[in-house]
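Undergrad:
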Amino acid sequence: MVPEAVTRAVLAEEFPPAEAWAARHGWELSANLDGLRLQARTVHPLDGEPLLIIATFDGYRAVPPAWKLVDPETGETTNHSFPQPGPVGPGLSSIFHGSLVICAPWNLLAYSDHGGPHANWNGPSNWLNVNEGNRAVNIAEMLSTINVHLRTSPGRMG
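According to the working numbering, the sequence shown holds residues 18 to 175 in order.
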């Protein structure tokens, strides 16, 4: 596994561009580098209600971060905290999966050995080589991808 000091150094490098992206898009971004954790706050474009996105970065970049959408009050993933999948474009699927997981190679929780639906991506250590679906290789790109898919979401799962 990647030493925490190495992961912290990578996060310290990637956080400023991600923070700049968030500021340009009206998102609130905060990081706890010691805890290897990031929080992003935005609203669902359809209902204007808050969304809270949490990412943990244990072992990052050897494996992708673990991203989840949680209820801002309880910290739990619920139907109401999770956007419905929407039409993204021809031949593309939404990253918002019915099992309440962000389904993307850059989300550790999308891999079957971490409870997700994907056994076909050759494990999380292969995340930078997956050619299926969408690609994001740094925090700013991951947030941007979430934003693009959020803009096409027709509502919440529940």
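Glycine residues also receive a C-beta, built at the ideal position from the N, C-alpha and C atoms.
#1: Could you check what DSSP says for S47 in three-state terms: helix, strand or coil?
#2: Do L68 and Q56 have their beta-carbon atoms positioned less than 8 Å apart in this structure?
#3: State the beta-bridge partners of Y128 as determined by DSSP.
#4: Over the uninterrupted beta strand (DSSP E) stretch that includes I71, give me the two end residues.
#5: Is the separation between the beta-carbon of A29 and that of L50 shorter than 8 Å?
#6: Using a Cβ-Cβ cutoff of less than 7 Å, which residues in the same chain neighbour E36 once the five nearest sequence positions on both sides are dropped?
#7: Assuming contact is defined by CB atoms lying nearer than 8 Å, are W84 and N124 in contact in what I supplied?
#8: So is A39 buried or exposed if we call it buried at 16+ other beta carbons inside 10 Å?
#9: What are the residues that DSSP puts in a beta bridge with F113?
#10: Decide yes or no for the touch test of the region 71-88 against the region 120-136: beta carbon pairs closer than 8 Å, at least 3 of them.
TA: Looking at the atomic coordinates:
#1: strand
#2: no
#3: H135
#4: 67-73
#5: yes
#6: L46
#7: yes
#8: buried
#9: I119
#10: yes
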